[in-house]
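Enquirer: With positions in the sequence shown counted from 1, the corresponding number in the working numbering is that position plus 47. In this text, a Cβ means the ideal position worked out from N, Cα and C, and glycines have one as well.
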Amino acid sequence: MKAQYTVYKSDISYFSGKLEAYLRYKNIPHALVDIDQSKLTMLGQKTGIMKMPAIEMADGNWLFDTTPTIQYLEQQHPQNPVLPDDQALRFLALLIEDYSDEWLWRPAMWWRWVPKVSRAALGRRIASSMMTDSILSIPLGFLTGRRQLKEWIWGDGVDQHNSNQVRDMLYRELEFLEPLLAQ
């Protein structure tokens, strides 16, 4: 079956992973394209924002931002729905998704960018994927990791006073949610 969607993504993007998992679950034919700098620039030109994942549809239209993208795809592919039919459970599922996307993002970013080994490895992977000159991937990876730490941690409301709380937030949330969801 021919792919009707081309997904521009990065394998280290949480939201790319969310979209890919959805497409696999729904068995929706799609082609995956790993992002690089030229493709990211192209996405900015096509969608108005340099953001991925983004989907180019067969008709030339574009989708981006995973939650509305999945909601659109649910309308186009209603078999095996990802949301419950019960309206209260549907609301709860959407609430948990939104909370996870928007708030649990901070501990995810903490674990990605604060530990030096993670910052170095992921910074280098991002730099390598964005450029063709592999010799520069180590110094540019270092700079990428520093930039990500500054922007997604220290520039996003985390500081020396709350860093440990942000780090441990995921564990506290899972402990809180588990008994609620068990019911």
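(1) Does the beta-carbon distance from Ala50 to Ala78 come in below 9 Å?
(2) Where in the stretch 80 to 119 do unbroken runs of the alpha helix (DSSP H), each at least 4 residues long, occur, reported from the N-terminal end onward?
(3) Candidates Glu103, Gln207, Asp145, Leu196: which alpha carbon is nearest Lys65's?
(4) Specify the secondary structure class of Ala50 as computed by DSSP and reduced to three states.
(5) Once the 5 residues before and after Pro154 are set aside, which same chain residues still bring their CB inside 7 Å of it?
(6) Does the distance from the CB of Met177 to the CB of Leu87 come in under 9 Å?
(7) Restricting to Cα atoms, I'd like to know which of Gln195, Ala105, Leu130, Lys73 is closest to Lys163.
(8) Figure out for me which residue from Asp112, Ile96, Val80, Trp199 has the closest Cα to the Cα of Met156.
(9) State the start and end residues of the unbroken alpha helix (DSSP H) segment that holds Glu144.
(10) Taking C-alpha atoms, which residue in Phe111, Ser175, Leu139 lies nearest to Thr191?
(11) Apply the 10 Å Cβ neighbour rule to Tyr72 and answer buried if 16 or more other Cβ atoms are within range, or exposed otherwise.
(12) Taking only runs that begin and end inside the stretch 164 to 199, name each unbroken alpha helix (DSSP H) of 4 or more residues, in chain order.
(13) Relative to the alpha-carbon of Phe189, which residue among Gly202, Trp201, Ile173 has its alpha-carbon at the smallest distance?
(14) Can you give me the C-alpha to C-alpha distance between Ser57 and Leu169, rounded to a whole angstrom?
(15) How many angstroms separate the CA atom of Ala105 from the CA atom of Gln123?
Expert: Let me spell this out:
(1) Contact flag set, yes.
(2) As far as the stretch 80 to 119 is concerned, its whole alpha helix (DSSP H) runs of at least 4 residues are 84 to 94.
(3) Comparing Cα positions, the closest option is Asp145.
(4) Ala50 carries a coil assignment under DSSP once its states are collapsed to helix, strand and coil.
(5) Excluding residues within five positions, the ones whose Cβ falls inside 7 Å are Val213, Arg214, Met216, Leu217.
(6) Yes; because the gap between Cβ atoms is below 9 Å, this pair is in contact.
(7) Of the candidates Gln195, Ala105, Leu130, Lys73, the one whose C-alpha sits nearest the C-alpha of Lys163 is Gln195.
(8) Selected option, being the one with the closest Cα: Trp199.
(9) Judged by DSSP secondary structure, Glu144 falls within the alpha helix (DSSP H) whose first and last residues are 134 to 149.
(10) Looking at Phe111, Ser175, Leu139, the one whose alpha-carbon comes closest to that of Thr191 is Ser175.
(11) With a threshold of 16 other beta carbon atoms within 10 Å, Tyr72 falls short and is exposed.
(12) List check, alpha helix (DSSP H) in window: 184 to 196.
(13) Residue Ile173 is the option with its Cα nearest to Phe189.
(14) Going by the C-alpha atoms only, they are around 12 Å apart.
(15) Ala105 and Gln123: Cα-Cα distance of roughly 13 Å.
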